[in-house]
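In my numbering, the protein residues as written are 878 to 1156.
Right, one structure below, let's go through it.
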Amino acid sequence: MHASSHLSEKYIDRPLSRFLARAAMKWIYPHADLCVAVSQGVAEDAIMTSGVVAQRIVTIGNPVNFDKLVCYGASPPQLELPQRFHVAVGRLVNAKGYETLLDAYAMLDDAPPLVILGDGPERDRFIQRAKSLQIGHRVNFAGYVANPAAIVARAELFVSASLNEGFPNAMAEAMALATPVVVTNCPSGPAELLQKETVDLDDARIYDTGLGLLVPTRNSRLLSDAIRQMMASPERRIEAANKAQESIRVYSSRNSVDEYWRMIDEVSRASSLAGSYLE
């Protein structure tokens, strides 16, 4: 069984879907030999919402293919880009916190353009919000691009204001591409990737983990402050990006494959042992 997102954070505006998903999890998960969660936060959520016991759940993060990312990052970008820009990546939906992100950039008169990669049902609303904040000329809603790595690799900063994640793939790839990150401390994943697992989700301050900056969700003022801090020091950005690139290697494809094989071997051994007792 594989868990990749928070049930407690999903379907908030769709109560019937939420009820059915929770019921299915409570019926299916406890019968699985083992449940794999993509982050510790997702594991804790699965335990809380499904009733699966902690001993039958393991955490294996999504794999990051470094060789492919480096190759894609070195490719020519599909967009005409300014010399300096910040980038955000993700579907244009409420869960990605774009309202907070746009509000934060409205407080940053000296920030370079913001390039947003991704499409979604809230695109028109977010474009209108950028216009109403008088930053429409500074925000490029670029839509879907086949190779976002080529753009992320050239960005001065990767920013994310997500309200929830399972495993933040775009953030992990930005770290692998040595692009410094400013992200929200949402459930779950960002704090784990930045090696700050004990952060209180309600703590209203900026955390500098040495790998990037972590800020509370739905707080545009602190998000703008964190972006401003990173903008002010190229040396700080470079140091954080290099450390982050090194730390994210624990999520390499090779390590992920090894973890899955180890898990499969353990389940097989346990099943064989159980079978021998029944003979």
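A virtual CB, placed ideally from N, CA and C, is assigned to each residue, including glycine.
Quick caveat: nothing in here was measured; it's all calculated off a predicted structure.
Restricting attention to L991, Y1021, Q1072, the CA atom closest to the CA of F1035 is found in L991.
Around the C-beta of R1031, 16 or more other C-beta atoms lie within 10 Å, and the residue is accordingly described as buried.
Taking the Cβ atoms as the reference, P1057 lies roughly 19 angstroms from M984, outside the contact range of under 8 angstroms.
Cβ neighbours of A1055 within its own chain (closer than 7 angstroms, five residues either side excluded): A1118, N1119, Q1122.
DSSP places C912 inside the beta strand (DSSP E), whose first and last residues are 912-914. Close CB contacts of I993 within its chain, under the 6 angstroms cut and outside five residues either way in sequence, are with A965, F1018 (chain order).
Here V941 really is in contact with A1049; their C-beta atoms are around 5 angstroms apart, less than 8 angstroms.
Taking a C-beta distance under 8 angstroms as the contact criterion, R1015 and Y975 do not qualify as a contact pair.
Separation of V929 and E1069 (C-alpha to C-alpha, rounded to the nearest whole angstrom) is 22 angstroms.
If you ignore the 5 residues before and after L1040, its C-beta comes within less than 8 angstroms of the C-beta of E886, N971, A972, K973, G974, T1061, C1063, T1094, R1095, all in its own chain and listed in chain order. In the DSSP annotation of this structure, the continuous segment of the alpha helix (DSSP H) that includes L1100 starts and ends at 1097-1109.
Taking C-beta atoms as the reference points, I1083 and A1103 count as a pair closer than 8 angstroms.
E1112 has its alpha-carbon roughly 40 angstroms from the corresponding atom of W1138.
Separation of I934 and D987 (C-alpha to C-alpha, rounded to the nearest whole angstrom) is 47 angstroms.
A distance of 8 angstroms or more separates the beta carbons of G1089 and S916.
Here the C-alpha atom of G995 lies approximately 31 angstroms from the C-alpha atom of E1136.
Rounded to the nearest angstrom, the gap between the Cα atoms of D922 and Q960 is 42 angstroms. In terms of Cα proximity to L946, the closest of A1023, D980, A1007, S1009 is A1023.
CA-to-CA, the gap between L897 and V1029 works out to about 38 angstroms. For T1061, the enclosing beta strand (DSSP E) starts and ends at 1058-1061. Closest in alpha carbon position to V1059, among G1043, L911, Q955, G1087, is G1087. One alpha carbon belongs to E1143, the other to L911, and they sit about 10 angstroms apart. Restricting attention to A1027, L1091, R968, the CA atom closest to the CA of E957 is found in A1027. The beta carbons of L1071 and L1100 sit about 15 angstroms from each other, so the pair does not count as a contact at 8 angstroms. Only residues of its own chain outside the window of five on either side were considered, and among them L969, V970 have a CB closer than 6 angstroms to the CB of E999, listed in chain order.
For F1035, the enclosing beta strand (DSSP E) covers residues 1034-1037. In this structure, DSSP gives Y1084 an extended state, which the three-state scheme calls strand.
With 16 or more other Cβ atoms inside 10 Å of its own Cβ, P1025 counts as buried.
Rounded to the nearest angstrom, the gap between the Cα atoms of I1141 and M925 is 24 angstroms.
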